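Participant: Position one of the sequence shown corresponds to residue 406 (the working numbering), numbered consecutively onward.
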Amino acid sequence: MGKKGKKEKGRGAEKTAAKMERKVSKRSRKEEEDLEALIAHFQTLDATRTQIVETPCPPPSPRLHASLSAHPEKDELILFGGEYFNGQKTFVYNELYVYNIKKDTWTKVEIPNPPPRRCAHQAVVVPQGGGQLWVFGGEFASPDGEQFYHYKDLWVLHLATKTWEQVRSTGGPSGRSGHRMVAWKKQLILFGGFHESTRDYIYYNDVYAFNLDTFSWSRLSPSGAGPTPRSGCQMSVTPQGGIVIYGGYSKQRVKKDVDRGTQHSDMYLLQPEDGKEGSWRWTRINPAGAKPTPRSGFSVAVTPNHQTLLFGGVCDEEEEESLEGDFLNDLHFYDATRNRWFTGQLKGPKSEKRKRRRGKKAEPEGPDRQEHGGTSAQEPLEVVREVVTEDGTVITIKQMFATPGPAGKPQSNEEDSPDEVGGPVVEPSPRSNAMLAVKHGRLYLYGGMFEAGDRQITLSDLYCLDLQKMQEWTALVEMDPGTQEWLEESDSEEDSNEGEGTEDEDSGESDKEAGDLVFSCSPGQAVSGGWPLELPDPGFAPTPSFPEEEPPRHCLPSGLQPACPG
């Protein structure tokens, strides 16, 4: 009886999920029909391209939810898509940029018949045919950010010939964004994601495989209990041929108009079953070591020694009517061979040497320090600076720089052994939804976002870290967040929000009474959003003039010109 009841319960859950998917699909159909006209308009503009145009240009404008991929044969990084929000309007891109690592130069590549504009898609590079970039899904948002179109199309960029091709094959995943996709042998394996309409949403935990030889989709049905539905998780291939799923985000409705989010921190292994062609199984695993704190919006890359690298994200503190988050800039490494997490600690730039006091044992570093509860003998260096934004807001940024030793390695226990004492560690600011790529043992990080009160700061900086030396980040493109323009809600939007409740009015009054905003930026804990922020009269800033489909470009370092027009 117990087994029978369990099976019936499982079928009931499947029926409920299928019913919700039909409900979401029905309600989103009208929205997507409206957005299809806008997408078609942009595709008409793209159709005017008849030849490949490569234009040297400054770094791309700020964005998040783009894809950054390392070319399999050349010293290049490929940036595609993404989105930007300026406070009033959402911009979605299908621009293609190439960063030449050796020359430190950017090129905008315009290719006929590109995929429609999108963000939160997945892009995977494979070496076949001189290199191919496979792109699936993602979403397009209406300019007001209230409606979404979720793609279910599959595209391939042939890197050798610089041509886009849409691959049409039946039986693939439904439209979604926030999913994850990896290259496994001669297949693309896709997991999870979500689909959202104005009033409803659904998260997925299904698994699909796309065969790169036959160009055909198949849905996998792994045995065992797998991850719950989620988006934005870590997905990586292990040296043993398995696929690891870690973390992610999902939300569910607890009552009318109230949703509660979940930041997952569980880990699963998906692997083929021995002797059974096309059969897979799920296994829940519990890695040891210094595990990352629960978070969403983290970024993932795979190192040359097949370790999975996790960077940043945001740790949300959610209540029924409010959501605040601490943005992070810490590094974590997962070693699948040992099933263990390690904290990525930077050594810092080399400077003077000192001798440790006789008889004092070294404190363990990295994950060993965290597990044993030890503390670093070195005091962090605090740096405070003030940034005045274009609208007059004063932002005080306080950064705590630590100078620990190598990740996962205790210091020497020898008496009077010399210690390398580094200077302040240079790090990217805390952020979520940044783009990562690894090439020749170096980690490249681009863009992302963090929040300051009601403002969203979208980044366009580029950093590099040598994963062998783990010494310090190098800033290749810098950005001053204080220069980014933020537009307040228009009068019509404010009028439409009147009468929605006194809580909004009270919070608005508290904002006016607030003083400067302080970002506390220490490694791993920084930039807490949701604090009150004093803003000037919305009419103070002049209205910028820019093309309808492009945002203002006020975010580049001094001396740089605006990025190539999209």
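For each residue, glycine too, the CB sits at the ideal point set by N, CA and C.
Please read these numbers as outputs of a predicted model, since none were measured by experiment.
Taking C-beta to C-beta, are Asp671 and Pro632 nearer than 8 Å?
Facilitator: Contact flag set, yes.
Participant: Identify the continuous beta strand (DSSP E) that holds Met884 and give its terminal residues.
Facilitator: It is not in any beta strand (DSSP E) - Met884 carries neither H nor E in the DSSP assignment.
Participant: What's the gap between the Cα of Ile650 and the Cα of Arg743?
Facilitator: Approximately 16 Å between the Cα atoms of the pair.
Participant: From Ser655 to Ser701, what distance separates their C-alpha atoms?
Facilitator: For Ser655 and Ser701, the distance between alpha carbons rounds to 9 Å.
Participant: If you draw a straight line from the C-alpha of Phe447 to the C-alpha of Ser628, how long is it?
Facilitator: Those two C-alpha atoms are separated by around 43 Å.
Participant: Can you tell me whether Pro697 is buried or exposed? The criterion is at least 16 other CB atoms within 10 Å of its CB, across all chains shown.
Facilitator: Result: buried.
Participant: Quick test of your reading: Met840 and Ser641, contact by CB under 8 Å. State the CB separation rounded to the nearest angstrom.
Facilitator: Wrong, their Cβ atoms sit about 16 Å apart, outside the cutoff.
Participant: Based on the DSSP output, what are the partners of Met672 in its beta bridges?
Facilitator: DSSP, once it has assigned bridges, lists Tyr651, Ile690 as partnering Met672.
Participant: Quick check: the segment 599–610 against the segment 569–588, are at least 3 beta-carbon pairs closer than 8 Å?
Facilitator: Output reads yes: the segment 599–610 touches the segment 569–588.
Participant: Considering Gly853, what are the terminal residues of the beta strand (DSSP E) in which it resides?
Facilitator: 847–857 is the extent of the beta strand (DSSP E) around Gly853.
Participant: Taking the beta strand (DSSP E) that Ser621 belongs to, which residues open and close that run?
Facilitator: Counting along the chain, the beta strand (DSSP E) containing Ser621 begins and ends at 621–625.
Participant: Determine contact between the segment 449–464 and the segment 473–489, defined as no fewer than three beta-carbon pairs at a distance below 8 Å.
Facilitator: Contact between the segment 449–464 and the segment 473–489 is absent, because fewer than three Cβ pairs lie under 8 Å.
Participant: Please work out which residues of its chain come closer than 7 Å, Cβ to Cβ, to Gly550, disregarding the five sequence neighbours upstream and downstream, and give them in chain order.
Facilitator: Result list for Gly550: Phe490, Thr495, in chain order.
Participant: Between the C-alpha atoms of Thr879 and Arg836, what's the straight-line distance to the nearest angstrom?
Facilitator: Their Cα atoms are separated by approximately 17 Å.
Participant: Let me know the secondary structure DSSP gives His563 once reduced to three states.
Facilitator: Correct three-state label for His563: strand.
Participant: Starting from Thr748, trace the beta strand (DSSP E) both ways and give me its first and last residue.
Facilitator: Looking at the DSSP string, the run of the beta strand (DSSP E) that includes Thr748 is 745–749.
Participant: Output needed for Ser684: all residues of its chain with C-beta closer than 6 Å, excluding positions within five of it in sequence on either side, in chain order.
Facilitator: So the qualifying residues of the chain are Glu678.
Participant: Check Glu729 in the structure and name its three-state DSSP category.
Facilitator: It is a strand residue.
Participant: On a Cα-Cα basis, can you pick out the residue from Thr449, Tyr502, Glu481 that is closest to Pro464?
Facilitator: Pro464 has its Cα closest to that of Tyr502, out of Thr449, Tyr502, Glu481.
Participant: Under 8 Å, do Leu538 and Val561 count as touching if we go by C-beta distance?
Facilitator: Yes; because the gap between Cβ atoms is below 8 Å, this pair is in contact.
Participant: Tell me which same chain residues have a C-beta within less than 6 Å of the C-beta of Leu867, skipping the five on either side of it?
Facilitator: Around Leu867: Tyr851, Leu881, Val882.
Participant: If you draw a straight line from the C-alpha of Val659 to the C-alpha of Tyr606, how long is it?
Facilitator: When rounded, the distance between both Cα atoms is 13 Å.
Participant: I need the straight-line Cα distance from Arg745 to Gly718, nearest angstrom please.
Facilitator: Cα to Cα, the separation comes out at about 20 Å.
Participant: So, Ala528 versus Val514, is the Cβ gap smaller than 8 Å?
Facilitator: For Ala528 and Val514, no; Cβs fall outside 8 Å.
Participant: Out of curiosity, what's the CA-to-CA distance linking Asn734 and Phe615?
Facilitator: About 34 Å.
Participant: Could you compute how far the alpha carbon of His563 sits from the alpha carbon of Trp622?
Facilitator: The alpha-carbon atoms of His563 and Trp622 are separated by roughly 20 Å.
Participant: Spatial neighbours of Pro709 within its chain, please: CB distance less than 6 Å, with the 5 preceding and 5 following residues excluded, ordered by chain position.
Facilitator: Hits under 6 Å: Gly846.
Participant: Name the two residues that bound the continuous beta strand (DSSP E) containing Tyr502.
Facilitator: 501–505 is the extent of the beta strand (DSSP E) around Tyr502.
Participant: Would DSSP call Phe545 helix, strand or coil?
Facilitator: Strand.
Participant: Can you grab the Cα-Cα spacing for the pair Trp511 / Leu484, in whole Å?
Facilitator: Roughly 10 Å between the two C-alpha positions.
Participant: Are there 16 or more other CB atoms within 10 angstroms of the CB of Asp618, so buried, or fewer, so exposed?
Facilitator: Exposed, since its Cβ has fewer than 16 Cβ neighbours within 10 Å.
Participant: Let me check one thing: in DSSP terms, what residues is Asp871 bridge-paired to?
Facilitator: Answer is Arg847.
Participant: Between the Cα of Glu729 and the Cα atoms of Gly535, Asp439, Arg860, which residue gives the shortest distance?
Facilitator: Of Gly535, Asp439, Arg860, the residue nearest in Cα terms is Arg860.
Participant: Report buried or exposed for Asn691, applying the criterion of at least 16 other Cβ atoms within 10 angstroms of its Cβ.
Facilitator: Exposed is the call here.
Participant: CA-CA distance, Ile594 and Ser574?
Facilitator: Straight-line Cα distance between these residues: approximately 15 Å.
Participant: Would you tell me roughly how many angstroms separate the C-alpha atoms of His669 and Arg454, rounded to the nearest one?
Facilitator: Rounded to whole angstroms, His669 to Arg454 spans 44 Å at the Cα level.
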